[in-house]
Amino acid sequence: MSFRPVAYVARHVQAFLGSLGRLARNPLATMLTLVVIALALALPLGLKIFVTNARAATGDFANALDISVYLRTDVSLEKAEQLARSARERPDVAEVTLIPADQALAEFREHSGFAAALQVLQENPLPHVLHVRPTRESSSPAAIETLRRYFAAWPEVEIVQLDTEWVLRFNAILELLRRFLAIAALVLAVGVLAVVGNTIRLEILNRRAEIEVTKLVGGSNAFVRRPFLYTGALYGLGGALLALGIVVAAVVALEGPVATLAQSYGSEYTLTGPAREDVGALLAGGVLLGWIGAWIAAARHLRDIEPRA
Amino acid sequence: MIVFDHVVKRYPNGREALSGVTFRIDAGEMVFLTGRSGAGKSTVLKLIALLERPTRGTVLVNGKNTGALKPRHVPAFRRNIGVVFQDHRLLADRPVYDNVALPLIVADTPLKEIDRRVRAALDQVGLRGKENALPLELSVGEQQRVGIARAVVSKPPLLIADEPTGNLDPELSLEVMRLFKRFSDVGVTVVIATHDLNLVREFGQREIVLDNGRVVNPQESDDLPSVIATR
Ligand SMILES: Nc1ncnc2c1ncn2[C@@H]1O[C@H](COP(=O)(O)OP(=O)(O)OP(=O)(O)O)[C@@H](O)[C@H]1O
Ligand SMILES: [Mg+2]
């Protein structure tokens, strides 16, 4: 048989409209299925947005990865400045701030309330300190350990202090969440396949007579399958749109409280909704899952339906 | 053209519905299949339409050996056969037009052509103007004629009908049979299974009589020495 593009497209449009019409004629059942699919899709999207926001909100934590290098008290200020200069040469160091002992003592006097007691001291007991901030790329635990070793090896250094464990821990938690997100998405995708597959299976059984007649007059398996695939894809698309609605509504509801919370920490941070790629992936994923779920159901059940005499 | 050569059909439950049936129907012939209930008439039609495959023997339809046809070739094979049932098998939720158009739609026919052919088919069965009616809004006779329009709309070379007049009064039955005769007159091969012997006599067409899974009328058996040889 020759290929007729217009008829081909027309048949697809017809199958598509037919599927759409059937869904619309059964609003309650359709809605229930859509809600189940939407929840399964909204969960991973919500998690994804949570992780993205947590990352963004804590993006400045790289700045908090400060290494404090305490020099020995007998190291002169000139020597300290020279050390600071050579530290700045390193590619993994973003910034080095030298806090001279005198400045540290002055600040301490001012802020501690021990000004009178400190007057008694003959000499400054405080050392010069270098505050070293690694570059963002060198903020991994391993890179920071390398830096720590480097400073610890200097003979002028008394002690190297890292107050970064909680940042690393936080990053580890985010990584864990990211993995959990991947697993949840996978499990829920299988759930969507099952929901769509089962819905399509029921629909195939419901339309048994129609399928038999269609095959009787020479409808191929592909022809009979087509409307069910569209129905599956429509379920996926509808579920994805509903999921998007749920997530956007949640983001809108949380925006105010999050901003208030951020302000209390002096931050301008506001919640970010789903990114364009997220929306694209959600819709494409929904359609694809619906299509595949319908395909599986159709492959299993349509073959068995043959016209009777 | 249809050839049955020593065809045996045993259903999965072990019931042997045909026990060595041999006959030949030429292109353009109109043939009645008769016989008591359970004789095997419907089974013969099912084997022709490839709703069943023979257990033994050969069934040739439109030059194809149905027993050897690959599943993916079955749809194209069926498009060359128009089938009419006693219960007409119309889609209750689709208007007449859609029901009649179905064989054309599955065959990839351009929309304009579908429109032309559906109207022509409805014309032929006298149902012009009923395009938008639902099957249940029609009388039984009209429903049967929609079924016939659907069977002939794609102009298949072969038309088979299982008790097409079973639900109709004598007058309507005659009308439906005349319709089949008209298709036969223009070269369509027509095979009709029926109980209605009066109707068969009225038309004086060839008759194949089945009994208990065998062809029993003498003129058919005389034509087919191979059937006698196996006895
Ligand atoms: N699907 C089936 N499974 C098992 N046995 C069947 C099946 N279809 C028909 N039979 C049996 O095969 C035999 C022939 O049946 P068939 O339907 O061909 O008869 P028929 O001549 O069409 O009868 P009727 O005039 O009542 O329609 C019968 O004994 C019937 O019980
Ligand atoms: Mg029968």
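Sequence lines, in order, name chains A and B. Residues 695 to 1003 (our numbering) are what the first sequence spells out, left to right. Residues 156 to 386 (our numbering) are what the second sequence spells out, left to right. For each residue, glycine too, the CB sits at the ideal point set by N, CA and C.
If you measure from the CB of residue i, is any heavy atom of ligand 1 nearer than 7 Å?
| i | result |
| --- | --- |
| T198/B | yes |
| S309/B | no |
| Y166/B | yes |
| R170/B | yes |
| G712/A | no |
| S328/B | no |
| S192/B | yes |
| G195/B | yes |
Please confirm if residue i has its CB atom under 8 Å from at least one CB of chain B.
| i | result |
| --- | --- |
| D998/A | no |
| T908/A | yes |
| A704/A | yes |
| F917/A | yes |
| E904/A | yes |
| V700/A | yes |
| V911/A | yes |
| S713/A | no |
| S914/A | yes |
| R873/A | no |
| R994/A | no |
| F710/A | no |
| R749/A | no |
| R1002/A | yes |
On a CA-only basis, which of the options is nearest residue i? Give me that one, please.
| i | options | result |
| --- | --- | --- |
| K742/A | L931/A, L862/A and F874/A | F874/A |
| Q241/B | L365/B, D351/B and P373/B | D351/B |
| E859/A | V881/A, A836/A, L871/A and L880/A | A836/A |
| P849/A | P828/A, H825/A, N900/A and R766/A | R766/A |
| D768/A | D760/A, G712/A, A809/A and E817/A | E817/A |
| L824/A | A778/A, G979/A and R920/A | A778/A |
| P921/A | R901/A, A847/A, G939/A and G912/A | R901/A |
| V973/A | L935/A, V946/A, A953/A and E852/A | L935/A |
| T925/A | A704/A, V700/A and L728/A | L728/A |
| T349/B | M332/B, V370/B, G284/B and L291/B | M332/B |
| V886/A | I986/A, A846/A, A709/A and E852/A | I986/A |
| V1007/A | N367/B, P265/B, V345/B and N372/B | In the structure as shown, chain A starts at 695 and stops at 1003, and residue 1007/A therefore has no counterpart that could be examined. |
| V163/B | L259/B, S192/B, V199/B and I347/B | V199/B |
| N287/B | S174/B, R249/B and V158/B | R249/B |
| F864/A | I877/A, A937/A, V889/A and A750/A | A750/A |
| R369/B | L173/B, G342/B, S197/B and K201/B | L173/B |
Let me see if you follow: with CB-CB separation under 8 Å, is residue i close to chain A or not?
| i | result |
| --- | --- |
| L148/B | Any question about residue 148/B goes unanswered here, given that chain B covers just 156 to 386. |
| P373/B | no |
| L282/B | no |
| A316/B | no |
| P230/B | yes |
| A262/B | yes |
| L266/B | yes |
| V238/B | yes |
| I383/B | Low per-residue confidence applies at I383/B: pLDDT is 34, beneath 50, and the placement is therefore not dependable, though the value from the model is reported in the following sentence. Not one chain A Cβ lies under 8 Å of I383/B. |
| P258/B | yes |
| L173/B | no |
| R233/B | yes |
| L188/B | no |
| L354/B | no |
| L313/B | no |
| L224/B | no |
| L206/B | yes |
Any heavy atom of ligand 2 closer than 7 Å to the Cβ of residue i?
| i | result |
| --- | --- |
| A316/B | no |
| A204/B | no |
| A348/B | yes |
Considering just the uninterrupted stretch of the alpha helix (DSSP H) at residue i, what are its terminal residues?
| i | result |
| --- | --- |
| Y929/A | N915 to S958 |
| R902/A | R902 to L910 |
| T724/A | P721 to A751 |
| V341/B | Taken as a continuous stretch (DSSP letters only), V341/B belongs to no alpha helix (DSSP H), as it is neither H nor E. |
| D366/B | Here D366/B belongs to no alpha helix (DSSP H); instead the beta strand (DSSP E) covers R361 to D366. |
| F808/A | Where F808/A is concerned, there is no enclosing alpha helix (DSSP H), given that its DSSP letter is neither H nor E. |
| V199/B | K196 to I203 |
When DSSP builds the beta bridges, which residues end up paired with residue i?
| i | result |
| --- | --- |
| P828/A | V787/A |
| F178/B | F159/B |
| S1064/A | The structure shown has nothing for residue 1064/A, since chain A only spans 695 to 1003. |
| K164/B | L173/B |
| A316/B | V239/B and I347/B |
| M332/B | None; M332/B has no bridge partner. |
| R233/B | DSSP output for R233/B lists no bridge partner at all. |
Just curious, the beta strand (DSSP E) that residue i is in, first and last residue?
| i | result |
| --- | --- |
| G212/B | R211 to V216 |
| D768/A | It is not in any beta strand (DSSP E) - D768/A carries neither H nor E in the DSSP assignment. |
| T840/A | First-last for T840/A: P835 to A846, but that is the alpha helix (DSSP H), not the beta strand (DSSP E). |
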